[in-house]
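> The structure under discussion is supplied below as structure tokens; questions concerning it will follow.
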Amino acid sequence: MFERYFHETTKFFNQSFDELERALYAGDADLAIGVNNKIQERLGQKPLFNNTQEFWELITSNKDIRM
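When we follow numbering that gives the first Met the number 0, the leftmost residue of the sequence shown carries the number 0, and every step to the right adds one.
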């Protein structure tokens, strides 16, 4: 059972990092944010924003940001 979990988890992160690398080379910030959010959700975290517009609104809002 552990081997299956480890294999699936490794596959997920390898695919995610490949997608992240493609997004960064393409200069696609929204795609990079989407991939990062997928990783955060897999780790049990809630993403703070879903795209560059939401990122900008968060940064310029003067809200307390807790991670």
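Note that CB positions come from ideal geometry on N, CA and C, so glycine has one too.
Taking the beta carbon of Ile58 as the centre, do at least 16 other beta carbons fall within 10 Å, making it buried, or is it exposed?
Taking a 10 Å sphere around the C-beta of Ile58, we find fewer than 16 other C-beta atoms and assign the residue as exposed.
> Do Ser15 and Lys45 count as a contact pair if the criterion is CB distance below 8 Å?
no
> Taking Cβ positions, are Phe11 and Arg41 nearer each other than 8 Å?
Arg41 sits close to Phe11, with the two beta carbons spaced by under 8 Å.
> Compute the Euclidean distance between the alpha carbons of Ile64 and Glu56, then round it to the nearest angstrom.
About 12 Å.
> Compare the beta carbon distance of Ala22 and Val34 with 8 Å and say whether it is the shorter of the two.
The answer is yes: Cβ separation under 8 Å.
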